[in-house]
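Here the structure comes first, spelled out in structure tokens, and everything after it is commentary.
Protein chains: 2
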Amino acid sequence: MLEQIRQRKWNLVRKELSDIHESEVANIIDELPEAERTVVFRLLPRQHASSIFEYLEPDVQQEIVKGLGKREVASILNDMSPDDRTAFLEKLPDPILKETLNLLTDDERRVASSLLGYDENSVGRLMTPYYVQAQPDWTVQQVFEHIRRYGKKAETLNVIYVIDERGRLIDDIRIAKCLMSPLETRVEELMDDKFVSLVDTMDKEEAVQIFRQYDRTALPVVTDSGVLVGIVTVDDILDVAEEEATEDIQKFGGLEALDLPYVETPLTTLIRKRAGWLIILFVGEMFTASAMGYFDAEIQKAVVLALFVPLVISSGGNSGSQAATLIIRAMALKELTLSDWWYVMRRELLSGFALGALLGAIGVLRITLWQKLGLFDYSEHWPLVAVTIFFTLVGIVMWGTLSGSMIPFALKRIGIDPATSSAPFVATLVDVTGLVIYFSIAAFILRGTLL
Amino acid sequence: MLEQIRQRKWNLVRKELSDIHESEVANIIDELPEAERTVVFRLLPRQHASSIFEYLEPDVQQEIVKGLGKREVASILNDMSPDDRTAFLEKLPDPILKETLNLLTDDERRVASSLLGYDENSVGRLMTPYYVQAQPDWTVQQVFEHIRRYGKKAETLNVIYVIDERGRLIDDIRIAKCLMSPLETRVEELMDDKFVSLVDTMDKEEAVQIFRQYDRTALPVVTDSGVLVGIVTVDDILDVAEEEATEDIQKFGGLEALDLPYVETPLTTLIRKRAGWLIILFVGEMFTASAMGYFDAEIQKAVVLALFVPLVISSGGNSGSQAATLIIRAMALKELTLSDWWYVMRRELLSGFALGALLGAIGVLRITLWQKLGLFDYSEHWPLVAVTIFFTLVGIVMWGTLSGSMIPFALKRIGIDPATSSAPFVATLVDVTGLVIYFSIAAFILRGTLL
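As given, the protein sequences belong to chains A and B, one line each in that order. Numbering of the first sequence is given in the numbering used here, commencing with residue 84 and proceeding in unit increments. Numbering of the second sequence is given in the numbering used here, commencing with residue 84 and proceeding in unit increments.
What follows is the structure in structure tokens.
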């Protein structure tokens with residue numbers, strides 16, 4: 084295919100493209116060098132151009148539109164499904180957006196403007212207004228006639244939505260039920276008055292939860308007053324769920340969410356998004372220098388203490404990251420709510436104690452072995468050093484799991500996304516406090532011997 | 084509701100439960116004390132029992148089944164949709180599974196056994212064999228008659244699947260197309276020979292990618308030889324995508340994936356899943372003690388160097404975590420492949436240099452300020468100490484971003500899940516090597532003055 088494009092055998096290219104799925108055609112165009120994208124796009128048969136356009140990467144879409152005539156753009160945009168069109172339009176700069184909207188037919192412009200009127204994180208932005216609706220006094224026969232007339236653009240025909248005379252959603256009926264019933268059955272006879280709906284101003288992430296709970300492939304969207312305004316299909320929800328997970332993962336990793344895929348993010352943005360947290364963590368970590376400066380005299384007297392600094396504080400950081408990861412993800416999936424803090428705290432303190440004692444035992448073993456094998460000399464008071472390390476690890480790991488698990492609750496309580504308490508953030512906090520724990524325990528145990 | 088259950092007003096409870104959605108009824112039962120679950124479940128009208136059962140938590144399902152008679156269990160299981168039933172059956176211990184399968188009707192048992200025959204990570208486990216199929220020589224009229232007869236259990240009616248005389252999938256047709264066509268149209272006239280399908284033995288995660296690419300609400304599943312055996316709907320794919328993200332997040336956080344929700348994981352399992360990585364990291368981090376022991380003499384001479392140890396190594400760890408997070412997620416979403424390593428390496432080295440210089444500048448500022456303000460005395464050679472810190476940070480941050488971004492590629496190359504290179508893992512690696520970088524730069528710059 085690429086060979087034929089390079090050789091400009093356009094007839095062959097056109098023929099081959101018409102044989103493959105729209106999504107694959109879009110993939111091929113995405114991968115082409117810029118100069119050839121518009122040329123190839125223009126070869127596409129008119130009736131497929133819109134659906135292929137829907138599958139293109141956002142930046143490729145923008146680029147192709149620039150290379151097309153107004154009439155071509157108009158034809159594509161009028162044929163696109165409204166939810167995908169919204170996703171395209173919302174990325175345009177304001178003046179171009181206005182111009183582009185004017186290319187649409189009156190009907191489509193009205194649809195597009197109303198969808199763009201919603202907040203960008205709201206369910207409204209995912210909506211398509213093409214669905215099948217019916218009224219309670221219709222017969223099944225009338226429903227089918229209605230579908231025949233208006234069903235072509237509908238994203239799903241699995242369910243028809245029943246509305247009252249004011250356009251308010253009053254029920255949903257599986258099309259299977261209609262197909263099973265005699266044609267003269269009235270819609271109201273099939274109703275059970277049980278339905279699930281989304282609200283147009285609802286946050287997208289809330290919609291993900293509802294889809295997850297009810298296992299649906301599409302859900303109706305209503306306004307505050309219950310008027311049916313569109314439907315959302317689960318394929319868009321899958322994308323929202325992915326984006327959400329990516330955002331959470333990036334926050335965990337201690338950087339601002341990128342918004343764009345890694346490969347599409349410019350280098351300067353990449354650096355900026357990372358620098359913020361990195362500087363905050365660095366400034367936070369500076370307190371370790373202060374803390375160690377405070378114990379200057381102790382280190383001077385017993386350099387052996389300094390040797391274990393990275394080991395003990397990183398153990399606190401690691402156990403804190405683990406706890407934070409578990410709790411934040413469980414919160415994102417609504418497995419834990421604020422009221423569970425006490426339950427979590429008890430579990431984490433117990434886990435922390437067990438894990439700390441385990442690491443402590445390994446630490447004692449290491450010091451004993453190295454001393455006995457003559458690999459390192461921890462001074463004549465090495466058993467006391469070992470005891471210090473043991474209690475420090477128990478203390479620090481418990482403190483790490485406690486901070487890691489409680490900070491997400493605290494953040495959530497004051498209305499901040501718990502994912503902000505990323506693993507590096509918890510690790511930094513535990514590093515600083517861990518040093519204080521370490522040197523205090525050392526001062527207590529080693530006073531009169533090494534110190 | 085809970086009040087009425089406590090007062091055992093069963094008639095009221097039954098009435099109220101029949102007015103709400105099955106998924107909400109399931110939520111109520113999930114939250115009840117154990118003793119009351121089976122009692123309340125038995126109040127449910129027979130025709131809803133199966134669909135409510137499908138929505139219950141796995142452990143609640145097991146418990147309720149224990150409290151029901153064989154005939155009740157049989158009726159529920161025969162009515163469940165096959166994919167949800169598979170999810171229930173696969174959690175049963177072997178002897179009970181056999182007994183339970185015997186409760187099914189011959190037809191349903193055949194379906195259930197064939198689904199359970201698939202590998203637990205394969206698409207086959209998500210499949211339902213209820214879909215609408217047609218043959219090319221049927222008329223649209225015949226298709227509708229077929230739907231009327233067999234469409235009741237079908238999970239989706241949006242698309243009908245066309246098969247040849249050997250049962251092989253040859254096309255899919257949107258039901259809308261049938262509804263728009265005259266009743267005497269033949270199915271073959273509506274075919275375009277373009278369709279997307281999954282293979283039954285394919286990994287679930289691969290199916291997520293395909294759903295994401297093609298924006299479908301359901302996809303047909305075929306065997307190796309192309310025979311249509313079922314469909315998968317996207318609501319199940321949403322669950323798979325969530326599980327996948329949870330697993331990745333937990334691996335990032337430096338612990339084994341839990342398999343069960345946090346609240347359902349027993350404390351001992353929780354500790355075991357965390358202990359593994361924590362011990363590995365601890366043992367790895369022990370090399371920091373060795374590395375510092377190696378520079379024992381330098382620390383003795385210049386305790387001031389020890390003060391900055393946590394600061395410089397954590398900066399390497401943090402920048403490494405950031406890089407690893409970005410790369411691993413981009414790999415999971417197929418934005419990056421193995422062949423991109425060189426592109427990533429250049430970007431990350433540049434980012435690392437910029438970020439390292441930034442942190443280095445802040446470090447120099449801090450030392451200068453503290454010295455001038457008399458907050459701490461970094462010795463008469465403090466400008467050299469500042470220079471040491473600057474170059475160390477540039478070196479360590481570049482090294483951190485490089486390791487964080489390249490380790491996922493290396494792991495993927497040798498066939499290990501890149502998510503295994505969790506943030507703590509990269510941090511530990513960078514801690515150890517970071518110390519060597521730090522003391523080497525210090526030795527070079529400070530020789531003859533402090534050292």
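Glycine included, C-beta positions come from ideal geometry on N, C-alpha and C.
Limits of the unbroken alpha helix (DSSP H) element including residue i
i	result
Asp-255 of chain A	It is not in any alpha helix (DSSP H) - Asp-255 of chain A instead sits in the beta strand (DSSP E) that spans 252-257.
Ile-314 of chain A	Unbroken run through Ile-314 of chain A is the beta strand (DSSP E), 311-316; no alpha helix (DSSP H).
Ala-157 of chain B	153-162
Tyr-244 of chain B	No alpha helix (DSSP H) contains Tyr-244 of chain B, which is instead part of the beta strand (DSSP E) from 242-246.
Lys-340 of chain B	Checking the sequence shown, residue 340 of chain B turns out to be Ala, not Lys. No alpha helix (DSSP H) holds Ala-340 of chain B; DSSP gives it neither H nor E.
Arg-193 of chain A	189-199
Pro-116 of chain B	That residue, Pro-116 of chain B, is in no alpha helix (DSSP H); it is neither H nor E in DSSP.
Tyr-426 of chain A	424-455
Gly-531 of chain A	It is not in any alpha helix (DSSP H) - Gly-531 of chain A carries neither H nor E in the DSSP assignment.
Gly-399 of chain B	392-415
Lys-92 of chain B	Run containing Lys-92 of chain B: none; DSSP gives neither H nor E here.
Ile-147 of chain A	141-150
Inter-residue Cα distance where the pair is residue i and residue j
i	j	result
Leu-409 of chain B	Leu-421 of chain B	15 Å
Ser-133 of chain A	Val-143 of chain B	48 Å
Leu-361 of chain B	Pro-212 of chain A	52 Å
Val-108 of chain B	Ile-135 of chain B	7 Å
Ala-406 of chain B	Asp-254 of chain A	49 Å
Val-242 of chain A	Arg-257 of chain A	4 Å
Asn-401 of chain A	Gly-443 of chain A	14 Å
Pro-265 of chain A	Val-226 of chain B	17 Å
Glu-325 of chain B	Ala-324 of chain A	8 Å
Leu-534 of chain B	Ser-434 of chain B	32 Å
Arg-168 of chain A	Val-291 of chain A	21 Å
Leu-273 of chain A	Ile-111 of chain B	27 Å
Leu-311 of chain A	Glu-99 of chain B	26 Å
Thr-300 of chain A	Phe-294 of chain A	8 Å
Ile-103 of chain A	Val-279 of chain B	10 Å
Ile-528 of chain B	Glu-288 of chain A	53 Å
Pro-393 of chain A	Phe-124 of chain A	58 Å
Gly-439 of chain B	Val-509 of chain B	17 Å
Tyr-521 of chain A	Val-477 of chain A	10 Å
Asp-113 of chain A	Pro-501 of chain B	26 Å
Leu-240 of chain B	Ile-230 of chain B	8 Å
Val-206 of chain B	Leu-172 of chain B	16 Å
Leu-419 of chain A	Gly-403 of chain A	18 Å
Asp-190 of chain B	Leu-184 of chain B	11 Å
Neighbour-count burial assignment, residue i, 16 or more Cβ in a 10 Å radius
i	result
Arg-530 of chain A	exposed
Met-163 of chain A	buried
Tyr-233 of chain A	exposed
Met-84 of chain B	exposed
Arg-496 of chain B	exposed
Val-366 of chain B	exposed
Gly-29 of chain A	This structure gives no information on residue 29 of chain A, because the portion of chain A shown stretches from 84 to 534.
Thr-511 of chain A	buried
Val-346 of chain A	exposed
Lys-356 of chain A	buried
Gly-376 of chain B	buried
Thr-371 of chain B	buried
Gln-383 of chain B	exposed
Gln-216 of chain A	buried
Thr-471 of chain B	buried
Gln-333 of chain B	buried
Range covered by the beta strand (DSSP E) that runs through residue i
i	result
Pro-303 of chain A	301-305
Rounded Cβ spacing between residue i and residue j (contact assumed at less than 8 Å)
i	j	result
Val-395 of chain B	Thr-475 of chain B	5 Å
Gly-336 of chain A	Ala-259 of chain B	No, Gly-336 of chain A and Ala-259 of chain B are not in contact; Cβ-Cβ is about 44 Å, not under 8 Å.
Met-414 of chain A	Arg-449 of chain B	That belief does not hold up - the Cβ atoms of Met-414 of chain A and Arg-449 of chain B are roughly 35 Å apart, past 8 Å.
Val-305 of chain A	Cys-261 of chain A	At roughly 22 Å, the Cβ-Cβ gap does not stay under 8 Å, so Val-305 of chain A and Cys-261 of chain A are not in contact.
Inter-stretch contact (C-beta, 8 Å, three-pair minimum) for the region 336-344 of chain A and the region 317-324 of chain A: no
Evaluate the contact criterion for the region 196-204 of chain A versus the region 246-259 of chain A: three or more CB pairs, one atom per stretch, below 8 Å. no
Between the region 484-493 of chain B and the region 423-441 of chain B, are three or more C-beta pairs nearer than 8 Å? yes
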